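Asks: Please read through the structure below; I'll follow up with questions.
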Ligand code: S3P
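Residue numbers (my numbering): 3 to 432.
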């Protein structure tokens, strides 16, 4: 367990920064590169622990994957050449690896055992294993197949017509990937749009997928072709610096080459609604993914209500938004975000616990939070609770605290942002 002492900075954030590659897109690039035939090269790959778990899972199935920092090369031989692993597959902290991988393993004629760390072992897998069982896979685990470790006996799958019961891109993607290996056309309907990186990347690998209103259809048996993928910067990582700049007076910061996929840009909408001085410049899309730069200057902020359709577009940013709200004028309400309870930690409970310790008036509700603005942040000893996004939120809070913050369990930040602290240092005005 590593402890980090964070001294208050009270300085502007300035300059420009390129954040590491998008986590969701990095996972999918490894997955599709491993299913495709031919060479795939990935640049600006996120070399965080979660994405390394996805690499290791496919290596265990015999795929040749070479990773050197942020560049990855995959010599894909196609789905038929994937092998049965000799050992159980360790998923670490990564929900995306678990749920997307399950979709593929369900369609392979082998047996697999999957396990994860303490946090992942508490997260629900039945949201994916139920539809996959309906397609023909045999999946079992603790609590009737709800929790890891899971045992998967894959095989021939039949297509299904499925409506996602939760607003989750992981569930949608798990079923679509199984659909790629199934016989016939699989249809997934989602009532609220979630991130569409799986759909975009399938097209980039030469596959076909159609979307009509809220129904996505994929035909099984498609042959994918290796390609080059440039991963955009992760807007979920950028969000920590955008908020840090918004609340540190005198700041003027630009985040370059960042993903601006509209299914992910809820943070931009909320920052604007709260009165942030923000400018977005779009560049040309890469691999079906919008990219550009975001510039932000500090400004006075007002409270808002965050609810409904925007929630999946900002789900991972809600912890840092809660900190932002603590610095706005008025009371901010977040609702319809029950999914926060199923993340790396119960993020409603974790945000309330940590921000309360830092002097914020905040109340958790069943599906969100109520945050009172105008807080003076105080020094404290706070635990990340093993959740990377809670750890980074605490680090941003420390910038404007009135005394030293000690962050316990800081190492979990490497799950999505191994160089977080050195990047932060680069933009603090000296
Ligand atoms: C992700 C989807 C989201 C998100 C997670 C990454 C993905 O989870 O919170 O960090 O890559 O598909 P859910 O699909 O469970 O909402």
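Just so you know, even glycine gets a beta-carbon here, dropped at the ideal spot from N, CA and C.
The model shown is predicted, which means the values in this text are computed figures rather than measured ones.
1) Counting only the same chain and skipping the five closest in sequence on each side, list residues whose C-beta sits under 6 angstroms from that of residue 414.
2) The ligand S3P and residue 353: does any heavy atom of the ligand fall closer than 7 angstroms to the residue's C-beta?
3) Out of 48, 317, 94 and 104, state which residue places its alpha-carbon closest to the alpha-carbon of residue 24.
4) Going residue by residue through the stretch 177 to 223, where are the continuous alpha helix (DSSP H) segments of at least 4 residues, counting only ones entirely within it?
5) Using alpha carbons as the reference points, say which of 219, 121, 317 and 334 lies closest to residue 95.
6) If we call anything under 8 angstroms between Cβ atoms a contact, is residue 403 one with residue 370?
7) For the beta strand (DSSP E) that residue 295 lies in, which residues bound it at each end?
8) What do you reckon, are the CB atoms on residue 241 and residue 322 nearer than 8 angstroms?
9) Let me know the secondary structure DSSP gives residue 417 once reduced to three states.
10) Are the CB atoms of residue 52 and residue 417 within a distance shorter than 8 angstroms?
11) Considering only residues of the stretch 113 to 137, which uninterrupted beta strand (DSSP E) runs meet the minimum length of 3 residues and lie entirely inside it, listed in chain order?
12) Does the distance from the C-beta atom of residue 20 to that of residue 258 stay below 8 angstroms?
13) In terms of alpha-carbon separation, which member of 243, 311, 107 and 45 lies closest to residue 131?
14) Would a C-beta distance cut-off of 8 angstroms place residue 184 and residue 159 closer than the cut-off?
15) For residue 380, which of helix, strand or coil comes out of DSSP?
16) Can you find the residues in the same chain that come closer than 7 angstroms, C-beta to C-beta, to residue 99, ignoring five residues on each side of it along the sequence?
17) Using the C-alpha atoms, what's the distance from residue 232 back to residue 63?
18) Taking Cβ positions, are residue 14 and residue 250 nearer each other than 8 angstroms?
19) Entirely within the stretch 325 to 365 and at least 4 residues each: give me those alpha helix (DSSP H) ranges in chain order.
20) What's the gap between the Cα of residue 87 and the Cα of residue 114?
21) Does DSSP classify residue 99 as helix, strand or coil?
22) Residue 305 to residue 37, Cα distance in whole Å?
23) Where residue 22 and residue 75 are concerned, what is the direct C-alpha to C-alpha distance, given to the nearest angstrom?
24) Whose CA, out of 425, 360 and 223, lies closest to the CA of residue 208?
25) Is the CB of residue 255 under 8 angstroms away from at least one CB in chain D?
26) Let me confirm a value: residue 193 is counted as buried when at least 16 other C-beta atoms fall within 10 Å, else exposed. Which label applies?
27) Whole angstroms is fine: what's the gap from residue 252's alpha carbon to residue 299's?
28) Rounding to the nearest angstrom, what Cα-Cα distance links residue 44 and residue 329 in this structure?
29) Note down the Cα distance separating residue 331 from residue 375, rounded to an integer number of angstroms.
30) Is it buried or exposed, residue 216, if we count other Cβ atoms within 10 angstroms and call 16 or more buried?
31) Please say whether residue 265 and residue 197 have beta carbons closer to each other than 8 angstroms?
32) List the DSSP bridge partners of residue 68.
Replies: By the coordinates alone:
1) 386, 388, 390 and 393
2) no
3) 48
4) 199 to 206
5) 121
6) no
7) 293 to 299
8) yes
9) helix
10) yes
11) 113 to 117
12) yes
13) 107
14) yes
15) coil
16) 29, 52, 55, 56, 59 and 93
17) 24 angstroms
18) yes
19) 349 to 359
20) 7 angstroms
21) helix
22) 46 angstroms
23) 18 angstroms
24) 223
25) No chain D appears in this structure, which consists of one protein chain only.
26) exposed
27) 7 angstroms
28) 39 angstroms
29) 5 angstroms
30) exposed
31) yes
32) 75
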